[in-house]
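Okay, so here's the structure we're looking at.
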Amino acid sequence: MDLVGLKDTCEDREIHRVVSGTQIENLRTIFAANNGRLKREELRKVLASIGLQYTDEQYRTLFLQINTDHDEFCQWDELLSYLILGFQDDDPLAVQQSLDPPISEEIALKLSRQVYTIARIDFCPMVYYDGSISWLQGHWITTSREGVINFWTKEWKRSLRARSTPSRLKRSKTWLLDAIPLPDQRAFCVASLESELRFYDVVAGSFVLKTVIERLPHPISALDYWYERGQPSKLLVADCAGHVAVLELYPDRKVVISEQSFSIVTWVSWKDVMRGRYPPLVGTEFGQLLVDQVRMVRYVEKLNTFIAASEENPLTKRSGLNRSVSGGSLPTMVLQSLEDRSSRTTYHVPRGVTCFAFDPITELLVSGGPDCDLRLWDIRRPEKPSAVLSGHTASIVFLFVQDAGEKIYSLDQKRIVKVWDVRNRILLQTFTELTGVLCQNLPVCAFYNDRDRQLVVASNKLVCLSCCPEIPLDRTDGESHTRPISVLLYNSLYKLIISCGLDSVIITWDHCMNRKMSLITEAHTQMRNGLRESVEITAGCLDGKQQLLATGARDGSVKLWNISGRTCMRTFSMQEDCEVTALFWIANRILAMGWNHRVVEFFASLEQEAEYPRGLPWRKLHSDDILCAAVSSVTPEALATCSYAGELVLWMLETGQPYRRYNAANPHIRVPISFRAEETEESIEPKSDTRRKTIRMSLASRRTMVPVMMKMESRRLSRIVMPMALEQMRKLSIQVLMFLRSRPMHPAFGTLLGSLETGVIQVWSHDPNGGYRAQFNAIHMAGDRVIAMASDASNRFLFTGTALGYIKTWYIENCWIPDADKFKVNKPSLRIRFPFLIDDVIPGRAKRSARSQPIPWLLNSFQAHRSCITGLVYLDSSELLLSSSSDRTVRIWTLGGRYIGLLGSPVSWEPLRADLPPPATGYRFRIPPDLRREVSFTTAKVLRGAMDYQRQFQHSSIGLERSRKCLPAIETYGCPLQEPLVNTTILKLAPKEPVLPTIRLERTFLPSLPVYSHMTQFPLNPIAPGAVTTAMEQLVKGTRELQFARLPVQQH
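Those letters in the sequence shown? Residues 1 to 1052, per UniProt numbering, in order.
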């Protein structure tokens, strides 16, 4: 069948970006004609017929990505799945699921148990006399039903406590129905059960009653206030009978002189306000709009309308009292225009509406009430809600809309907060932690601060919740995971980064474009107390073909994942509640180890799994938990494991048998291995005679330890030195192990690196005749240690990550090999690539700590994270270094230490090439915002690429030269000496040499090598031919004519 019709004119060879719908149908026909599968070469010919030409290496990679069954055939389902996943990866909205739930932070308790239950919360901003508003300054206000009003600072410290009492009856108690601040008037309005509105002046820490509107037809049950600079403020009042009115405030108008004009408190009736007899207030009544007591009223500035809502009283419903004058039933929610009183939109909700929220951007109206359902309304179609969201089991008392109508937060009487996705109409989160903080038998109120994106909830206590807080880009670039990252891998087949965290989430990243390709949440789970909980991922590895991923968790479970399909294929269990600390996939075997003190071998094939369903455990040679392990790919393959007690065991992978055993505290001594099956080795502590030998050896090796102690003293670190005898007996645990894979298994080569908790890295040879080779100090801060290590393919560089967040680069190509002295290092080229090597006026701690250490050579040192580095990955093709940390971030660095970006950050960077390093010049490198101000001089120099350092050095040298030129003569006694100092007639002085200019050395060494341009060039005179011969002959002749007196010969 002819599939020609497409020409590949672009460099992109992805199948899903090239084929059309017709060509996919033709491909399906070809597969159907061949029993639904094609061989490897047959598929290549079919792809070539549609214009997709691949090299052998490109097609091998493509076939591995498609062939998930690991056989020689490509099934139609495999190709179709590959195309679907490709379309999903190209969709920018494909992976929208957020790692953080909307409410992810802990509850912040602001106010402990209060005497009076809080009924309303408000925030009053600062309004200046010119009408400008400052939301950064202001105070919080809490009101109780008993009339107790508290004013708090933004840090929730009480600044004022007041009480509202009835204006006429001083001895009677009041019951507040609602209250609201008036920021521009510096006043506070209170509505009480006494059918009056009380206005208090809040100025200079005082709370004084000024105005009372009395004799209202019904008690006011809901208030709202709106103010804008240059416009009259509006106070919306709604009563218990469903009436709504709007009061416009004109404080500049004067009151007509009466008998109350000279009183401190002004009393005015409601009828006088409505009839215009009180100039500071202009009222407009809209009559009875709702069926019963108004629960909430809000003004909408964009539409110049207000929205009011009420609940439906079942008693009035049965008696027919909830009907209007015209005979129709009254609505439970209304949208009323202020300009046209006849423009009104009514909504009928069963059992009424307690609260609502309106988004002016999308014009989305959301209502909630006693029926426990959320209704989404189109304000222009009030007949039926556009969607109904069910999930609450109690009456909804508060809700708000966030992010332009993308999320809805709802709070019910049971203190349960639910977050909804408006676009997909799904529930995102159910937050139940408020039930354990707030009292269950008391009413609850809430306030949403949209500027700080905080939800304030109160009853007998007051707490704050952060709801999808915005990332402060001036202080951080964001986060990659919600919890510390434990695994960082690079998939060379798909050219993707894989990160796993303690949040039980697996993410694949396209680091070149800063894209999240796939997301797997709750990768490991367990049932505890009837609830499904996520389990932390602690280890991970890839198979040899880079198609499958194995992850280990804290509960001892091991799962196999299909990377392309994002599905779990199989699940193993090493041991219940036994953390997996290391995983390795060797051919068809999976090696897992951890807190069970041994290595357990699982089989990837189903045939062998049936024989060993719980895995095949190896011999137990560790007396404590296995902390780290490493695998050597050099033939014969070997495995190194180390426990918390410092026991280092080397295994042959082919046979699974140990062949060498050491202790990190005594690296020079081999610990014997007993091959008797009946003997269990629980400890490798040396016996008494061996301990004495160890003590004698340590005492005899004092001289060898003196230089080490001198090195430690030169580092100026605070360190408690243990006695020599006890230092050798103390248990030291190895934090991380790494094999140098390019080096052969030979006793003369250092092939295994192990980091101790003291910050020292030990070098071993894993050859049976090898052993301990050397060690070097890898830290420069007291209490630090190396947690992660990585190297390039040729083992030229060693990258170490420490517990304090430092990354160091060491040159190890000429270290721990035979004839290391004969190895030549091109140091000028390394100085160009690493700005750290530029000379400093005062060397930093990193340089001083490695100054007396001949090998390895420290090439780079800078602080990359604020907390512990958990993983390092180096990409040889693009010369990029990726680091993961317990600060929940994955960062990308160049080989020289320049910062590119953070995976998952909203701050994008220029696209990277997977096969080329970023350009040294012209690329927009950045500095991490969290490291911008609080780093050392050395780290700042590396992050800036020594650009500012070079400019600063040049400025200082120029200033020094200017100061030298302007330096006055030094006066000793009287005036300075004047030339000539001696009489020229007596002694003729030699001719003076030309004055040399001020020497300026080029010391930056970047971006070029030093050029000594300060050398003075003297004029050269040509020599005539034969002149030198004549001058030499005259000199020889004159020498021969000289006669020297002979010394007398002494006779003995």
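Even glycine gets a Cβ: it sits at the ideal position worked out from N, Cα and C.
Could you check whether residue 511 and residue 498 sit closer than 8 Å to each other, using their CB atoms as the reference points? As a working note, residue 498 is residue 498 in the sequence shown. As a working note, residue 511 is residue 511 in the sequence shown. A distance of 8 Å or more separates the beta carbons of residue 498 and residue 511.
Quick check on residue 822: buried or exposed, where buried means 16 or more other Cβ atoms within 10 Å of its Cβ? If you number the sequence shown from 1, residue 822 lands on position 822. Exposed is the call here.
Please tell me whether residue 735 and residue 627 are closer than 8 Å, where the distance is taken between their beta carbons. Start at 1 with the first residue of the sequence shown, and residue 735 comes out as number 735. Start at 1 with the first residue of the sequence shown, and residue 627 comes out as number 627. Yes; because the gap between Cβ atoms is below 8 Å, this pair is in contact.
What is the DSSP secondary structure of residue 82, reduced to helix, strand or coil? For this step, residue 82 is matched to residue 82 along the sequence shown. Reduced to three states, the DSSP call for residue 82 is helix.
Given this structure, state the Cα-to-Cα distance separating residue 179 from residue 309, to the nearest angstrom. Against the sequence shown, residue 179 aligns to sequence position 179. Against the sequence shown, residue 309 aligns to sequence position 309. One Cα belongs to residue 179, the other to residue 309, and the distance between them is close to 17 Å.
Straight-line CA distance for residue 916 to residue 42? Numbered from its first residue, the sequence shown carries residue 916 at position 916. Numbered from its first residue, the sequence shown carries residue 42 at position 42. Going by the C-alpha atoms only, they are around 33 Å apart.
Drop a sphere of 10 angstroms on the beta-carbon of residue 738, count the other beta-carbons inside from all chains shown, and report buried for 16 or more, exposed for fewer. Along the sequence shown, read from residue 1 onward, the residue named residue 738 stands at position 738. In summary, residue 738 is buried, with 16 or more beta-carbon neighbours lying within 10 Å of its beta-carbon over all protein chains present.
DSSP three-state label for residue 234, please. Residue numbering aside, residue 234 sits at position 234 when the sequence shown is read from its first letter. In the three-state scheme derived from DSSP, where H, G and I count as helix and E and B as strand, residue 234 is classed as strand.
Look at residue 142 and residue 460 and say whether their C-beta atoms are less than 8 Å apart. Position 142 of the sequence shown, counting from 1, holds the residue named residue 142. Position 460 of the sequence shown, counting from 1, holds the residue named residue 460. Contact: no.
Beta strand (DSSP E) containing residue 451: first to last residue? For the purposes of this step, residue 451 is taken as the residue at position 451 of the sequence shown. For residue 451, there is no enclosing beta strand (DSSP E), since its DSSP letter is neither H nor E.
Please report how far the alpha carbon of residue 158 lies from the alpha carbon of residue 208, in whole angstroms. Taking the first residue of the sequence shown as position 1, residue 158 is located at position 158. Taking the first residue of the sequence shown as position 1, residue 208 is located at position 208. Taking the straight line from one Cα to the other gives about 18 Å.
Strictly by DSSP, which residues pair up with residue 575? Looking up residue 575 in the sequence shown gives position 575. In DSSP, residue 575 forms no bridge with anything.
Taking DSSP's pairing of strands, which residues face residue 590 in a bridge? Here residue 590 refers to the residue found at position 590 when the sequence shown is read from its first residue. According to DSSP, residue 590 bridges with 585, 602.
What are the boundary residues of the beta strand (DSSP E) that includes residue 288? Locating residue 288 in the sequence shown gives position 288, counting from the first residue. Unbroken beta strand (DSSP E) run through residue 288: 281–288.
Where does the unbroken beta strand (DSSP E) through residue 208 begin, and where does it stop? In the sequence shown, counting from the first residue as 1, residue 208 sits at position 208. Under the DSSP assignment, residue 208 falls in the beta strand (DSSP E) whose first and last residues are 208–214.
Mark residue 668 as exposed unless 16 or more other C-beta atoms lie within 10 angstroms of its C-beta, in which case mark it buried. If you number the sequence shown from 1, residue 668 lands on position 668. Burial call: exposed.
Counting C-beta neighbours from all protein chains within 10 Å, is the total for residue 108 16 or more, i.e. buried, or is it exposed? Here residue 108 refers to the residue found at position 108 when the sequence shown is read from its first residue. Counting every other CB atom within 10 Å of its CB across the protein chains shown gives residue 108 a total below 16, marking it as exposed.
Where does the unbroken alpha helix (DSSP H) through residue 63 begin, and where does it stop? Your numbering for residue 63 matches position 63 in the sequence shown. Start and end: 56–66.
Taking its Cβ as the centre, do 16 or more other Cβ atoms sit within 10 Å of residue 1036, making it buried, or is it exposed? As a first step, residue 1036 is located in the sequence shown; it is residue number 1036 there, counting from the start. Per the 10 Å Cβ criterion, exposed.
Endpoints, beta strand (DSSP E) assigned at residue 866: Position 866 of the sequence shown, counted from the first residue, corresponds to residue 866. It is not in any beta strand (DSSP E) - residue 866 carries neither H nor E in the DSSP assignment.
Nearest-angstrom Cα distance between residue 183 and residue 153? Counted from its first residue, the sequence shown places residue 183 at position 183. Counted from its first residue, the sequence shown places residue 153 at position 153. Rounded to whole angstroms, residue 183 to residue 153 spans 15 Å at the Cα level.
Based on the DSSP output, what are the partners of residue 617 in its beta bridges? For the purposes of this step, residue 617 is identified with residue 617 of the sequence shown, where counting begins at 1. Residue pairing by DSSP puts residue 617 in a beta bridge opposite 600.
Roughly how many angstroms separate the alpha carbons of residue 672 and residue 874, rounded to a whole number? In the sequence shown, residue 672 corresponds to position 672, counting from 1. In the sequence shown, residue 874 corresponds to position 874, counting from 1. One C-alpha to the other measures close to 37 Å.
Excluding five sequence neighbours on each side, which residues of the same chain lie with their C-beta closer than 8 Å to the C-beta of residue 877? Counting from 1 along the sequence shown, the entry for residue 877 is found at position 877. The beta carbon of residue 877 sits closer than 8 Å to the beta carbons of 914, 915, 916 from its chain, once the five residues preceding and following it are set aside; these are given in chain order.
Examine the Cβ distances between the segment 567–577 and the segment 530–542 and report whether three or more of them are shorter than 8 Å. No: fewer than three Cβ pairs fall under 8 Å.
Below 8 Å between beta carbons: does that hold for residue 293 and residue 311? If you number the sequence shown from 1, residue 293 lands on position 293. If you number the sequence shown from 1, residue 311 lands on position 311. Residue 293 is a Cβ neighbour of residue 311, given a cutoff of 8 Å.
Tell me residue 651's beta-bridge partners as DSSP assigns them. On the sequence shown, residue 651 is found 651 positions in, with the first residue counted as 1. Residue 651 is bridged to 639, 658.
Run of the alpha helix (DSSP H) containing residue 274, from where it starts to where it stops: Against the sequence shown, residue 274 aligns to sequence position 274. For residue 274, the enclosing alpha helix (DSSP H) begins and ends at 270–274.
Identity of the residues DSSP links to residue 664 by a beta bridge: For the purposes of this step, residue 664 is identified with residue 664 of the sequence shown, where counting begins at 1. Residue 664 is not bridged to any residue.
For residue 1041, which of helix, strand or coil comes out of DSSP? Within the sequence shown, the letter at position 1041 stands for residue 1041. The three-state reading of DSSP puts residue 1041 in helix, counting H, G and I together.
Beta-carbon proximity list for residue 843, same chain, < 6 Å, skipping 5 on both sides: Residue mapping note: residue 843 aligns to position 843 of the sequence shown, counting from 1. Answer for residue 843: no residue qualifies.
According to DSSP, is residue 305 part of a helix, a strand, or is it coil? Within the sequence shown, residue 305 is the residue found at index 305, counting from 1. Residue state, collapsed to three classes: strand.
Mind checking which residues open and close the beta strand (DSSP E) that includes residue 533? In the sequence shown, counting from the first residue as 1, residue 533 sits at position 533. Here the beta strand (DSSP E) through residue 533 covers 531–534.
When we look at the beta-carbon of residue 354 and count the other beta-carbons within 10 Å, is it buried (16 or more) or exposed? The sequence position of residue 354 within the sequence shown is 354, counting from 1. So residue 354 counts as buried.
Residue 940 (DSSP reduced to helix, strand or coil): Taking the first residue of the sequence shown as 1, we reach residue 940 at position 940. Looking at residue 940 - three-state DSSP - the assignment turns out to be helix.
Residue of 476, 479, 495, 501 minimising C-alpha distance to residue 485: In the sequence shown, the residue the question calls residue 485 occupies position 485. Checked all of 476, 479, 495, 501; the closest Cα to residue 485 is 501.
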